[in-house]
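Numbering (the UniProt record's numbering), first residue to last: 1 to 517. Beta carbons are placed, not taken as given, at the ideal position from N, Cα and C, and that holds for glycine. The block underneath contains the structure these notes are about, expressed in structure tokens.
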């Protein structure tokens with residue numbers, strides 16, 4: 001059996017497994033499947049989060065173990081396991097040129113392939129300063145995000161009421177979809193463009209591949225210099241001359257294409273026949289990446305943090321404090337995919353540049369279900385901690401610490417029907433899920449403009465009972481801006497934000513107000 005057929009079987013298996021995990025990341029089908037497996041297998045996720053947090057989240061150890069075969073076999077992950085790489089290769093197979101000479105020329109090494117090392121250095125420097133940005137371009141994170149927020153909802157538009165896929169609306173889905181189709185479409189012009197030129201995971205594995213014990217070896221005494229080995233070379237690694245180890249995807253296409261069997265996969269071959277180090281960019285580009293990302297990381301206080309936050313940035317229940325959240329969240333959007341009410345949405349600029357594509361709750365679209373903790377179950381990095389229903393609702397052994405609060409609801413009396421428009425309405429009180437209810441009402445009798453008397457029930461919020469679930473805002477009949485809205489103030493995960501809701505003395509509250517200004 002040709003070894004490339006074995007590789008194709010491996011690619012097909014892992015690609016189908018990835019799609020299976022994406023589809024069952026749903027309340028209806030989850031049932032304990034390891035849906036975060038590919039993210040946990042991603043060694044760059046484990047390495048970068050260890051830089052930002054100083055610790056290794058237990059589920060990410062598996063990805064670091066994957067580095068061991070990389071040090072032995074080279075960059076095999078890119079062409080044997082990575083589902084995003086498989087998508088690019090298959091797209092190239094379907095729509096690429098069939099001209100042999102064109103393919104040979106297209107698969108020669110280009111200096112553009114240095115770009116991914118610049119991106120990797122920039123992201124790792126940012127990680128050292130506590131800003132985790134690898135999820136923007138990491139292939140597994142990017143593919144998960146694309147499937148969850150753009151592709152699956154798009155399929156449901158074509159196949160409404162699909163049994164497997166619920167139609168969800170996601171903020172910025174057009175941008176996620178455009179990025180996916182741009183990278184996939186570039187395969188028609190430059191084969192495996194993303195993998196060769198952009199992928200930070202590929203750059204990370206490429207750097208480690210320089211130490212690999214096995215690699216492609218060309219026998220110069222047998223080689224007839226026909227360049228046939230370049231026809232299907234996935235990494236543009238120059239197998240026809242000195243092999244670039246860091247660019248080789250271990251696809252074995254060159255071995256099968258060689259007409260004289262001059263190429264083999266050998267153990268510790270002659271080092272004179274290889275370029276072991278990665279094609280690093282020039283000093284100016286490297287220094288620019290270092291200083292640029294260092295400057296960004298130092299100045300990242302313009303984003304959302306514990307001391308400077310946007311009240312609209314409401315994180316999922318179980319989330320760690322904001323600085324820790326941004327150090328862990330890889331923007332994979334698995335939590336968004338699994339959310340049964342569609343309340344979780346990717347941010348654009350609400351959480352600043354650093355928080356781009358991280359999840360927040362949008363109460364106009366949905367609400368946080370009282371008896372749901374799925375987001376924490378699928379988070380691979382611990383940005384959203386796994387909590388039980390009892391812990392979330394402050395029941396049983398957690399009764400003393402109380403429920404997890406993600407925010408607090410406030411009324412806008414100028415828009416509330418009973419308060420301003422003399423119109424009966426008790427929707428918010430009826431839907432409030434807490435027991436006792438955080439929203440209560442008081443009966444008042446008022447004289448209308450026409451002189452008639454009317455009895456109304458005006459609603460109030462008890463902040464000591466409100467958990468910020470947002471169902472009141474979501475169900476409020478006032479369109480445009482709801483008459484009751486939830487903000488991040490009062491959330492459990494931040495002591496500083498909780499102080500605003502504590503019954504402290506007046507001077508303490510005034511000091512806090514001045515600091516916020």
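Alpha-carbon to alpha-carbon, residue j and residue i
i, j, result
"residue 153", "residue 420", "40 Å"
"residue 466", "residue 484", "12 Å"
"residue 431", "residue 490", "21 Å"
"residue 270", "residue 252", "19 Å"
"residue 67", "residue 427", "55 Å"
"residue 518", "residue 137", "No answer is possible for residue 518: it lies beyond the span of the chain, which begins at 1 and ends at 517."
"residue 437", "residue 415", "22 Å"
"residue 333", "residue 33", "17 Å"
"residue 113", "residue 56", "30 Å"
"residue 99", "residue 6", "26 Å"
"residue 322", "residue 311", "12 Å"
"residue 8", "residue 155", "26 Å"
"residue 124", "residue 47", "9 Å"
"residue 520", "residue 148", "Residue 520 cannot be examined here, being either before or after the span of the chain that is shown, 1 to 517."
"residue 340", "residue 226", "57 Å"
"residue 111", "residue 195", "14 Å"
"residue 171", "residue 454", "42 Å"
"residue 275", "residue 210", "8 Å"
"residue 107", "residue 236", "5 Å"
Helix, strand or coil at residue i [DSSP, three-state]
i, result
"residue 357", "coil"
"residue 35", "coil"
"residue 84", "helix"
"residue 367", "coil"
"residue 250", "coil"
"residue 117", "helix"
"residue 302", "Below a pLDDT of 50, predicted positions are generally treated as unreliable, and residue 302, at 47, falls in that range; no measurement from the model is reported."
"residue 442", "strand"
"residue 123", "helix"
"residue 349", "coil"
"residue 420", "helix"
"residue 12", "helix"
"residue 319", "strand"
"residue 17", "helix"
"residue 400", "coil"
"residue 45", "helix"
"residue 269", "coil"
"residue 461", "strand"
"residue 275", "strand"
"residue 491", "coil"
"residue 243", "strand"
7 Å Cβ cutoff met for residue i and residue j
i, j, result
"residue 158", "residue 72", "no"
"residue 372", "residue 335", "no"
"residue 324", "residue 385", "no"
"residue 200", "residue 120", "yes"
"residue 382", "residue 390", "no"
"residue 173", "residue 150", "yes"
"residue 399", "residue 461", "no"
"residue 70", "residue 328", "no"
"residue 130", "residue 222", "no"
"residue 330", "residue 54", "no"
"residue 425", "residue 418", "yes"
Neighbourhood of residue i by C-beta, 8 Å cutoff - its chain only, sequence neighbours within 5 removed
i, result
"residue 364", "473, 474 and 482"
"residue 533", "Here the chain has residues from 1 to 517 only, and residue 533 is not among them."
"residue 442", "457, 458 and 460"
Residues near residue i in its chain [Cβ-Cβ closer than 7 Å; skip 5 each side]
i, result
"residue 228", "257, 258 and 259"
"residue 206", "75, 246, 247 and 278"
"residue 216", "239, 243, 248, 254, 263 and 265"
"residue 376", "318, 384, 385, 386 and 387"
"residue 224", "260"
"residue 116", "197, 198, 199, 200, 202 and 203"
CB contact check: residue i to chain B, cutoff 7 Å
i, result
"residue 35", "Within the model displayed, chain B is absent; a lone protein chain is all it includes."
Close-in-space but distant-in-sequence residues of the same chain around residue i (CB under 6 Å, 5 per side omitted)
i, result
"residue 314", "360, 361, 406, 407 and 488"
"residue 86", "11 and 15"
"residue 338", "25, 374 and 378"
"residue 140", "38, 39 and 42"
"residue 219", "262"
"residue 21", "35"
"residue 469", "367 and 368"
With a cut-off of 8 Å, do at least 3 Cβ pairs link the stretch 1-8 to the stretch 344-351?
no
Any chance the stretch 219-238 sits against the stretch 182-198, with 3 or more Cβ pairs inside 8 Å?
yes
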